[in-house]
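Here's the structure, in structure tokens; my notes come after.
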Amino acid sequence: MNNDPRNSPIHSAVDDYFADMNDRPSLQYKVLAQTRGEVKVKKKRSVGLVLLIALMLIVAGAFAWTLSRTYFEDVAKMTFENGEHYEEWDLDEKRAIIRLMQEHGLVDDETADALAVGTHEAIDQHMLARYGVEDMPGDMSMISLTRILWVELGPYTHWTNETWVWYTDMMLGIGLLTEHNDMDVYETPGDEAIAPEEAIEIAKQKLLSEGTLTEEQLFQATVMWHYMTHASDVNREKLQYWITYSVDNQSYYTAMWPDGTILQ
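To convert a position in the sequence shown, counted from 1, into my numbering, add 198.
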């Protein structure tokens with residue numbers, strides 16, 4: 199497996215494709231922001247009503263994420279069948295993705311109906327408006343499954359382990375990823391591994407003992423964990439934790455085996 203996740207082939211490819219681009223959070227993040235309390239309630243409400251609203255938002259967020267996953271999985275299947283890049287698709291295939299977007303609420307009915315009988319150019323303009331790269335206007339070569347995921351889910355550097363597990367499982371299941379690809383795959387830690395919280399604490403103590411970061415910096419840092427191995431490791435015998443502490447525009451990585459032994 200790659201020693202630094204930033205050097206992973208998939209990460210490098212995405213970096214090359216989409217460097218210096220702004221995040222564009224999707225609807226699911228807006229819903230989740232409300233459930234986390236990031237959107238303040240201006241009026242006082244009863245505890246029961248607040249709990250009911252919170253429950254509804256949680257359900258709505260889960261439903262939106264389910265819809266998103268289904269959409270991405272359908273786009274992945276189309277990619278497997280039609281080719282990696284949208285610009286290579288024929289008119290019927292382009293119309294099909296518009297209908298798919300309509301089905302998942304990404305295109306309103308009136309627009310979808312018009313595009314369903316529209317030309318290549320009309321559909322292309324719609325796709326560019328949503329998935330085009332801002333500093334590369336009119337360039338359809340960038341529109342692909344990877345780009346769609348980037349726009350709707352945000353940069354891969356923000357993806358949780360759960361999202362990466364879903365992504366690699368999807369790609370393996372559809373056939374867009376095999377053990378022959380030079381890529382990392384992600385798993386959910388099982389009985390063979392310490393808990394993610396323990397791995398995070400081990401990484402924290404390592405950074406402290408080395409003098410890499412102070413207690414204050416660690417407190418302020420954003421922490422992410424991932425559990426992964428190389429695609430060629432079909433029996434998943436070389437799974438590793440990667441713990442990332444990010445603070446002051448710098449990221450600090452600690453890799454360890456499932457039992458918490460730090461990799462040198």
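Just so you know, even glycine gets a beta-carbon here, dropped at the ideal spot from N, CA and C. Since the model is a prediction, treat every value here as computed from it, not as a measurement.
- One alpha carbon belongs to A274, the other to L343, and they sit about 6 angstroms apart.
- Taking all protein chains shown into account, N447 has fewer than 16 neighbouring C-beta atoms within 10 Å of its C-beta and is therefore exposed.
- The DSSP-derived three-state label of H356 is helix.
- By the criterion of at least three beta-carbon pairs nearer than 8 angstroms, the region 396-403 is not in contact with the region 296-305.
- The criterion of a C-beta distance shorter than 9 angstroms is not satisfied by W455 and W440.
- DSSP places V445 within a strand segment (E or B) once states are collapsed to three.
- Sixteen is the threshold: since fewer than 16 other Cβ atoms of the shown chains lie within 10 Å of the Cβ of R434, the residue is exposed.
- Taking 9 angstroms as the cut-off, the beta carbon of V363 is found no closer than this to the beta carbon of Y329.
- In the assembly as shown, G316 is a buried residue. Its beta-carbon has 16 or more other beta-carbons within 10 Å.
- In the assembly as shown, Q403 is an exposed residue. Its beta-carbon has fewer than 16 other beta-carbons within 10 Å.
- With three or more CB-CB distances shorter than 8 angstroms, the region 269-286 counts as touching the region 346-356.
- Rounded to whole angstroms, the gap between the alpha carbons of L416 and E285 is 45 angstroms.
- It is roughly 21 angstroms from the alpha-carbon of T420 to the alpha-carbon of T386.
- Closest by C-alpha distance to M368, out of A294, M276, M340, is M276.
- Here the alpha carbons of T442 and A453 stand approximately 9 angstroms from one another.
- When beta bridges are read from the DSSP output, Y450 appears opposite Y443.
- Beta-bridge annotation (DSSP): V383 is paired with T427.
- The shortest C-alpha to C-alpha distance from Y451 to any of A401, E291, A294, W287 is the one to A401.
- Each of E319, Q462, E414, L461 was checked against the Cα of W287, and the nearest Cα belongs to E319.
- The beta-carbon distance between R293 and A314, rounded to whole angstroms, is 6 angstroms. This is short enough to meet the 8 angstroms contact definition.
- Note on geometry: alpha-carbon atoms of L405 and A391 lie some 21 angstroms from one another.
- In the three-state DSSP reduction, T277 falls in the helix class (H, G or I).
- For the pair G409 and Y354, the Cα-to-Cα distance works out to about 29 angstroms.
- In this structure, the beta-carbon distance from D322 to V331 does not fall below 9 angstroms.
- If only uninterrupted beta strand (DSSP E) runs of at least 3 residues are considered, none is enclosed by the region 290-317.
- Residue pairing for V421: DSSP places it in a beta bridge opposite Y443.
- Shown here, Q415 sits in a helix according to DSSP, grouped into three states.
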